[in-house]
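Be aware that the sequence shown starts at 1, since it is given in full-length UniProt numbering, and climbs by one per residue.
Cβ atoms here follow ideal geometry from the backbone N, Cα and C, with glycine treated the same way.
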Amino acid sequence: KSGNKKIHSVYCVLYLAPNNVLLSEKTADSFLKRHKRENTGRFEEFLPGNLERECIEEKCNLEESLSDLLLWESNHSENISLEPQTPFKRIVGGRSAAPGEIPWQVGLIAKPSGQLFCGGSILSERWVITAAHCLKEASGSFSVRVGEHNTQITEGREQDYEVLEKHAHPRYNATLNTYNHDIALLYLKDPISFSAMVRPICIGPMAFIEALMKQPSPATVSGWGRTRFLGFTSNILQKIEVPFIDQTECKKSSNERITPVMFCAGFYNVAKDACQGDSGGPHAKSYRDTWFLTGIVSWGEECAKEGKYGVYTRVSVYYSWIKYVMSVTKRRLASDVEYPDS
């Protein structure tokens, strides 16, 4: 049975080896043929080998900055904004993340206002993933900010990058449905400078991400959006942990259509949810100390409303599209360099 499985790759960037962003079919196959782990089950079968060691030596975690996090948490005093700057967005019922705790988190910064209006996640040195409706919200140009923590002060870790190309999913049509196929890729003009505080998150093949998403352990959602429906935004990056909701329950809870490329997460009667302004940000889960992007903050009926859940873009179904866009863009840009117009 296992011999007939289709071999998939897992994306994750090595900032020590930035060009090696995708495991080859041959390499992935060699991982599968190695000895099986103890307690191997159906979930384990989706993994192309030892992801913790083979996918990323840096593991997309925060081992190197653990001491910084502990020091920050012991001395931290929260700084919450008193007034909303614009009708944009924060996490409801969350708590402040430590600097660098969510190193793949980015903010989309509107020009010329400097307003942070959406979130996103770092996939590689040049690629960021966000919600397609965030591109619609951006009335003009915007930049991508990495290393942000407190939007009210400059902490020295922030870096702004210009967006060279925007790739909304080809089936995204805001006229028909603002949130169906709500996913977009941003290609940056210059490569991101990685550090312990700025790192990518991994993505994996559909079967693996689906299995991980449905595991009982909660996912982490983060952003600078509103603290409650029509409430104030937060200066400091917020995070919450939310469980996956069965698709049948998800559909029953909503007055709007829940399509197969969406999923729900959250609580029926607990005031914890993503809110306006968190859009585009990550819904992430950890597997053996490696973080994977499982969803993108998309929409909801108000925020943390009883009987309602947050709705997210199902990243698993877009794995092939993400690979395709990255690959085609790389080849096209390489061709532009090799054969410039005369």
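- Note on K111: under 16 other CB atoms within 10 angstroms of its CB, so exposed under the neighbour-count rule.
- Pairing G107 with E165, the inter-Cα distance amounts to about 17 Å.
- Beta-bridge annotation (DSSP): A196 is not paired with any residue.
- With fewer than 16 other beta carbons inside 10 angstroms of its own, A334 counts as exposed.
- Distance from Q105 to L212 at the Cβ level is roughly 19 Å; contact not present, criterion being Cβ atoms closer than 8 Å.
- Following the DSSP letters along the chain, one finds E165 inside the beta strand (DSSP E) bounded by residues 159-168.
- M262 has its alpha-carbon roughly 32 Å from the corresponding atom of S193.
- Within the region 124-163, the runs of alpha helix (DSSP H) that reach at least 4 residues and sit entirely inside it are, in chain order, 132-137.
- Excluding sequence positions up to five before and after S298, its CB lies within less than 6 Å of the CB of A131, Y179, D182, V311, Y312, T313, all in the same chain and listed in chain order.
- Within a 10 Å sphere around the beta-carbon of K189 sit fewer than 16 other beta-carbons, which makes this residue exposed.
- Under the DSSP assignment, I209 falls in the alpha helix (DSSP H) whose first and last residues are 206-213.
- Ranked by Cα distance from S113, the options S124, E101, W291, F142 are led by F142.
- Sorting Y172, I201, R171 by C-alpha distance to the C-alpha of P103 places I201 at the top.
- Counting along the chain, Q105 sits inside no alpha helix (DSSP H); it lies in the beta strand (DSSP E) bounded by residues 105-110.
- In this structure, A97 lies away from K308, with their beta-carbon atoms at least 8 Å apart.
- The Cβ neighbour count for R199, taken over all protein chains shown within 10 Å, is at least 16; the residue is labelled buried.
- A direct Cα-Cα distance of roughly 26 Å separates I203 from E137.
- In the structure shown, A97 falls within a coil segment according to DSSP collapsed to helix, strand and coil.
- With distances taken between CA atoms, A168 lies nearest to Y318 out of E148, K330, Y318.
- The shortest CA-to-CA distance from F208 to any of V315, G140, G147 is the one to V315.
- Burial is judged here by how many other beta carbons sit within 10 angstroms of a residue's own beta carbon; N235 has at least 16 and is buried.
- Apart from sequence neighbours up to five positions away, the residues of its chain that approach A174 with a beta-carbon distance below 7 Å are H133, K136, ordered along the chain.
- For S121 and P99, the gap between their C-alpha atoms comes out near 16 Å.
- According to the DSSP assignment, K251 belongs to no beta strand (DSSP E) but to the alpha helix (DSSP H) extending over 247-253.
- Annotated three-state conformation of R314 is strand, per DSSP.
- A residue is called buried when at least 16 other Cβ atoms come within 10 angstroms of its Cβ; S124 meets this threshold and is buried.
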